[in-house]
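Here you go:
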């Protein structure tokens, strides 16, 4: 069985077959390895690499907010993982692909404090475009990449629901 | 909807209907009360009695080892609860009802260290009948009530599996 | 005594623990969003006080007093935030015959105005940051504003008299920006605090934020504790606190502590409170403000002095005399560090990340304290502060405490949402932090320099392992969840229902 | 240094934490049953060492050495139990070029024989319980056995020379039972320890079990710590430990500690070890035995002295000099109590209750330390000791520590199995325990008097609430698990998959 899995910006081709005794033959981008793998509890996966210095890794996987997206928890860190699918941004501010239109959306309900760009402005990657107050804090929502502001869909003072499109970058 | 629920040796008749806004009309042995109830997490139930001094109770319920049996966890304690069914002993040593034959069974795999009774012996309630070594400890298995030993089905030194009948009390 | 805890989250849990240890019953209050929250579970009684918005629940004095009446509470602990520094609330509690576990309403009021607090400190002989003594006249002309600013000197800060948390505050480097800054600060102060008054303060270039915890009884004794170092701030929000401070010598500690006691005494202060100071590079220190309540970061003081501050809040409110050895309070044993575990994604500019916490696996073991506000299965709501837990590490020395914190951060998994843990993992390995080379401007400077570079780092090997784990997870789900020798990802409920627990190998 | 931890469960987790804090890499070992265990998750590397039975895995010296070789470990920490007091293992490690984190094989051997250990103590001028100096001759006639017993005096104990944990031990009240007791003790000793040798010791009527923790470096320094009080035992198994003991004055503490140091010095002891004493009602104390390893109960010492004993084990094994102030080690600050959370049902005669722990919600917060060996979702296997966690509470005074322990026991839920928590909840409210009126015979006497009465108590109100909760649980399940405003009991997986985490209220 094969999967396309994206971690940390890199997509790898993974093929998996059972090898008996709790082990699996896993090939990642063509490089084969044997892993002793087991579920632990509701979310946990424990990996052991008997041939590779007996390395151990324990990872918890939970569903993310988009189809095919998982959140992997590894030693205090939380890493998005995409299985067989395009990445949908989460926890962040932008949806879309590396090309074409980007929509900066409200990640949670809140109030627009300031709109920092106007239609037609050029913006740099990671430049703040809107400030939304939520959970007692002012949060800057940023443009995911460089581009031009195509639409500004809110004004300062507006209350917004989660998912509401705030600014469209072209 | 009605249930028969046994807790701590007492069976109560419970009828439940939804009363809106997360509350339920619950009648226990005919005495009605309003409870604000909600699931919290996988196992938790949070009860709030708005009319009854605003008392709060948080209980976690997990399946027990017998059909209809639950284990309720309440502030560090673990209490068996039977819903709509006869009680089956668990964690303990005996199976059966208050009358007739009782079987003292091994609650876990282990080795019989000593058999303390012989066929025909009179035994008192809670009298130890067999000692089984398991988990590095010697464990006395007791007769659940007074009676006479009808059969002794193991000898000292025998290895036993969980559930194996050791002694039958009549 | 029965204590109503007028708060939520980790501080409500903290206070309830202290009450239970002292044999006091507790009453929780909750909004709609918090019906299933841990602080409700942990209490003996719980009273609903309104809809989710804090303005309709946790900030409603009338409803809190109704809740106290309905539940038969004798005392109210305000925690921090919400109404903790609201003099009207303290007064209303006392008028209703309830013990308010905190200072008098008058003391809250005096210290709540920054200019009044500065005047109190100055009268007590405590140095304050040079600035205007009184609020700027609302009708001051442009010329008067400029002149007042010149007298203070640039760079300066325009600050709201009723301010806090960086709101209503503007930094001005030179004269050109002063009028705009006053206008913006007044408008922010008005919308945040309902009070447009502002004043000027000289801006120190590289100050450390040092604060002194105080306890004061009703019999005239005021006790000062070893300082807390709280300079690790992002936009005026503390993220890491420790005790003691590397920048404070025993001699300086005594001087700051005695200044703190003098200021508190002249305000007629009782119960627990904290005086914040700025410590300049040259060793001068200046009164900044007083927090008339328990602080988020109180555990670091508890760990280096082994005094339970919340127990003492309750005892002092009952009229007990302070009986702590002053030497013990001022002498740190070892070193403690606190990291605020917040539901924010540090890799997205610390954007809030509320949501369902599917499981919470907190760090534990020797030298580690975990003060969490929730258990696994709870949702972090969008309505309140996103602090979900405090992780505190103690060790013999600061390097050992950092090493222990690194260990604890590795074993802390908040499963289901993103938190600030990766940020702390990064910070605890930063040479400047490790060597103590920081001040209140440190973190904002570093964050600006990093231009959004992620704190979460994944090695090549870890990325490979994550890829494999995700693949296996998908494989298991495709194979119906259960392989003969593997428990699958189906519900624990259906899984365990099929197992005889005693037969599991 | 890379450390192979030749153990499992909570002690393996404890040692791994210390290693990580000191920057040392760790290697776990595991049997079939422990593939998914927490101690495997927490390590950097893990090596399989055999089937589930300990005799085929954790007790196999050859496989442990193979594991060390395969993983590149330089040092071995034995924990406690298993091979921790096995001289052959210590020797084999050293022969294989590995640092054994413990005393020399010779010291383990000398102290492993009870009669040799008694001789060492006696030669060092340390009082031992009156008894026979040498093992009873295997060929001793009935008359010789009787005569030897008469010389010691009744009541006495027949004890296995290689004994431990109450095995191969028999109490004899008067002469009639002596021959039977010797026969049974020899047979038990033979099957338990492979050594039938026994000796006699006078039996004290109401002794307390008091023990002294020692650290010893390779440069001649031996340090004694404030005593631990371990008299709360069920059939010679400790259940609760505390420090300090109510029965020990500072003057007596110094005398016991200096006796412990003398005994250890004459055995050429290094690293961590503990000398156990019996303290008689008249204040006399007697050497009982030495444990040549870390003890389960070491955290109570850590909490009252703030010394990390496992860090020091690692440092001493590397040859470092002890640099702890002796006054600090011997002077308790506050009071610490440990309760052993064991997978046993105290209401069924402490019958083991292994099984699946569906969730683990450990106590936490101020003054509470939790050393657990598993996380939620793990199974407690039937093959090993059933200790799953240690709960340790520290407070300023013993009454406060008891109150804190009560609070912590209330918030500790091991969901899915039964544990000893209800027993501790009962004990922490027993007047005899609270007042310190106990000795090593206390608990067995109380348990006999109670004739199996349950420790778990449910008030009438709680029983009603449990009934209602179970009814609602059944109602929810009958209604498909999800009501409009209620999350149902279905899998978290299917539930959360339908939710947009950021939209959850």
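Chains as they are written, first to last, in this note's numbering: chain A, 19 to 188; chain B, 19 to 188; chain C, -5 to 499; chain D, -5 to 499. For each residue, glycine too, the CB sits at the ideal point set by N, CA and C.
Item checked: Pick from C:358, C:204, C:239 and C:248 that is closest to residue 218 (chain C), judged by C-alpha positions -> For the purposes of this step, residue 218 (chain C) is taken as the residue at position 224 of the third chain. Selected option, being the one with the closest Cα: C:248.
Checklist line | Collapsed DSSP secondary structure at residue 427 (chain D) in the structure displayed | finding: Counted from its first residue, the fourth chain places residue 427 (chain D) at position 433. Reduced to three states, the DSSP call for residue 427 (chain D) is helix.
Next item on the list: To the nearest angstrom, report how far apart residue 67 (chain D) and residue 67 (chain A) are at their CA atoms.
Entry: The residue given as residue 67 (chain D) occupies position 73 in the fourth chain. The residue given as residue 67 (chain A) occupies position 49 in the first chain. Each residue's Cα considered, the two are about 17 Å apart.
Next item on the list: Let me know the secondary structure DSSP gives residue 398 (chain D) once reduced to three states.
Entry: Here residue 398 (chain D) corresponds to residue number 404 of the fourth chain, with the count starting at 1. In the structure shown, residue 398 (chain D) sits in a helix (DSSP, three-state: H, G or I).
Next item on the list: Would you mind listing the beta strand (DSSP E) stretches within the region 64 to 142 of chain D that are 3+ residues and don't spill past its ends, in chain order?
Entry: 69 to 71
Next item on the list: Would you tell me roughly how many angstroms separate the C-alpha atoms of residue 383 (chain C) and residue 6 (chain C), rounded to the nearest one?
Entry: Reading the third chain from its first residue, position 389 is the one you call residue 383 (chain C). Reading the third chain from its first residue, position 12 is the one you call residue 6 (chain C). So the alpha carbons of these two residues sit roughly 12 Å apart.
Next item on the list: Using a Cβ cut-off of 9 Å, pull out every chain C residue sitting near residue 51 (chain D), in sequence order please.
Entry: Taking the first residue of the fourth chain as position 1, residue 51 (chain D) is located at position 57. Here the premise fails: no neighbours, minimum Cβ distance about 14 Å.
Check: In angstroms, rounded to a whole number, what distance separates the CA positions of residue 32 (chain B) and residue 28 (chain D)?
Finding: Counted from its first residue, the second chain places residue 32 (chain B) at position 14. Counted from its first residue, the fourth chain places residue 28 (chain D) at position 34. Rounded to whole angstroms, residue 32 (chain B) to residue 28 (chain D) spans 43 Å at the Cα level.
Item checked: Cross-strand partners of residue 412 (chain C) (DSSP beta bridge) -> Start at 1 with the first residue of the third chain, and residue 412 (chain C) comes out as number 418. Paired residue(s): none; residue 412 (chain C) is not in a bridge.
Next item on the list: Starting from residue 371 (chain D), find everything on chain A with Cβ-Cβ shorter than 9 Å and list it in chain order.
Entry: As a position in the fourth chain, residue 371 (chain D) is number 377, starting the count at 1. Within 9 Å Cβ-Cβ: 57, 58, 59, 60, 61 and 62.
Note to self: Can you give me the C-alpha to C-alpha distance between residue 200 (chain C) and residue 92 (chain D), rounded to a whole angstrom?
What the structure shows: Taking the third chain and counting its residues from 1, one reaches residue 200 (chain C) at position 206. Taking the fourth chain and counting its residues from 1, one reaches residue 92 (chain D) at position 98. Distance between the alpha carbons of residue 200 (chain C) and residue 92 (chain D) is about 51 Å.
Check: CA-CA distance, residue 360 (chain C) and residue 327 (chain D)?
Finding: In the third chain, counting from the first residue as 1, residue 360 (chain C) sits at position 366. In the fourth chain, counting from the first residue as 1, residue 327 (chain D) sits at position 333. In a straight line, the C-alpha of residue 360 (chain C) is about 16 Å away from that of residue 327 (chain D).
Next item on the list: Give a yes or no on whether the minimum CB-CB distance between residue 410 (chain C) and chain B is below 7 Å.
Entry: Position 416 of the third chain, counted from the start, is the residue given in the question as residue 410 (chain C). Closer than 7 Å: no.
Item checked: Closest by C-alpha distance to residue 93 (chain A), when choosing among C:456, C:462 and C:470 -> In the first chain, counting from the first residue as 1, residue 93 (chain A) sits at position 75. Closest by alpha carbon: C:456.
Margin query: Check whether chain D comes within 7 Å of residue 152 (chain A), counting only Cβ atoms and requiring the distance to be less than that.
Written below: The count along the first chain starts at 1 and reaches residue 152 (chain A) at position 134. False, the Cβ-Cβ gap to chain D never drops below 7 Å.
Check: If contact means a Cβ-Cβ distance below 7 Å, which residues of the region 217 to 246 of chain C contact chain A?
Finding: none
Check: From which residue to which residue does the alpha helix (DSSP H) around residue 31 (chain C) run?
Finding: Position 37 of the third chain holds residue 31 (chain C). Unbroken run through residue 31 (chain C): none, as it is neither H nor E.
Check: Name the chain A residues that come within less than 7 Å of residue 407 (chain C), Cβ to Cβ?
Finding: Against the third chain, residue 407 (chain C) aligns to sequence position 413. Result: 78, 91 and 94.
Note to self: When you compare the CB of residue 47 (chain B) with every CB in chain D, is at least one pair closer than 7 Å?
What the structure shows: The count along the second chain starts at 1 and reaches residue 47 (chain B) at position 29. No, residue 47 (chain B) lies away from the interface with chain D (no Cβ there is under 7 Å from its Cβ).
Notebook entry, point to check: Can you name the start and end residues of the alpha helix (DSSP H) that residue 444 (chain D) belongs to?
Noted result: Position 450 of the fourth chain, counted from the start, is the residue given in the question as residue 444 (chain D). Taken as a continuous stretch (DSSP letters only), the alpha helix (DSSP H) holding residue 444 (chain D) covers 436 to 444.
Notebook entry, point to check: For chain B, is any of its Cβ atoms less than 7 Å away from the one on residue 355 (chain C)?
Noted result: One-based indexing of the third chain puts residue 355 (chain C) at position 361. False, the Cβ-Cβ gap to chain B never drops below 7 Å.
Checklist line | Closer than 8 Å at the beta carbon, the chain A residues around residue 158 (chain D) | finding: Counting from one through the fourth chain, the residue named residue 158 (chain D) turns up at place 164. Correct list: empty, because the minimum Cβ distance to chain A is about 33 Å.
Checklist line | Inside the region 294 to 330 of chain C only - beta strand (DSSP E) runs reaching at least 3 residues | finding: none
Notebook entry, point to check: Who are the neighbours of residue 571 (chain C) on chain A, taking C-beta pairs under 9 Å?
Noted result: This structure does not reach residue 571 (chain C), given that chain C is present from -5 up to 499, and the question cannot be answered.
Note to self: Can you tell me whether residue 98 (chain A) is helix, strand or coil according to DSSP?
What the structure shows: The residue you call residue 98 (chain A) lines up with position 80 of the first chain. Of the three classes helix, strand and coil, the one that applies to residue 98 (chain A) here is strand, per DSSP.
Notebook entry, point to check: Between the region 341 to 354 of chain C and the region 369 to 376 of chain C, do at least 3 Cβ pairs fall closer than 8 Å?
Noted result: yes
Next item on the list: Let me know the secondary structure DSSP gives residue 187 (chain C) once reduced to three states.
Entry: In the third chain, the residue the question calls residue 187 (chain C) occupies position 193. Helix.
Next item on the list: Could you pull out every residue in the same chain whose Cβ sits closer than 8 Å to the Cβ of residue 54 (chain C), ignoring the five residues on either side in sequence?
Entry: For the purposes of this step, residue 54 (chain C) is taken as the residue at position 60 of the third chain. Closer than 8 Å at the Cβ level, and outside the excluded window around residue 54 (chain C), lie 43 and 44.
Next item on the list: Quick one: grab the DSSP three-state call for residue 290 (chain C).
Entry: Stepping through the third chain from its first residue, residue 290 (chain C) is reached at position 296. DSSP places residue 290 (chain C) in coil when its eight states are reduced to three.
Next item on the list: Starting from the Cα of residue 135 (chain A), find the closest Cα among A:128, A:153, A:158 and A:180 and give me that residue.
Entry: On the first chain, position 117 is the one that residue 135 (chain A) refers to. Out of A:128, A:153, A:158 and A:180, A:158 has the C-alpha closest to the C-alpha of residue 135 (chain A).
Notebook entry, point to check: Using a C-beta cutoff of 7 Å, does residue 41 (chain C) count as contacting chain B?
Noted result: As a working note, residue 41 (chain C) is residue 47 in the third chain. Yes, residue 41 (chain C) counts as interfacial toward chain B.
Item checked: Contact with chain D by residue 15 (chain C), beta-carbon distance below 7 Å -> What you label residue 15 (chain C) is simply residue 21 of the third chain in a count that begins at 1. So yes, residue 15 (chain C) belongs to the interface.
Notebook entry, point to check: Does the beta carbon of residue 514 (chain D) sit closer than 7 Å to a beta carbon anywhere in chain A?
Noted result: Any property of residue 514 (chain D) remains undetermined from this structure, which presents chain D solely from -5 to 499.
Notebook entry, point to check: What are the boundary residues of the beta strand (DSSP E) that includes residue 207 (chain C)?
Noted result: The count along the third chain starts at 1 and reaches residue 207 (chain C) at position 213. From DSSP, the beta strand (DSSP E) with residue 207 (chain C) extends over 202 to 210.
Note to self: Classify residue 334 (chain D): buried if its beta carbon has 16 or more other beta carbons within 10 angstroms, exposed otherwise.
What the structure shows: Residue mapping note: residue 334 (chain D) aligns to position 340 of the fourth chain, counting from 1. It is buried - the Cβ of residue 334 (chain D) has at least 16 other Cβ atoms within 10 Å.
Next item on the list: Kindly list the residues whose CB is nearer than 7 Å to the CB of residue 180 (chain A), restricted to its own chain and excluding five residues on each side of it in sequence; keep chain order.
Entry: Taking the first residue of the first chain as 1, we reach residue 180 (chain A) at position 162. Result list for residue 180 (chain A): 124, 125, 126 and 127, in chain order.
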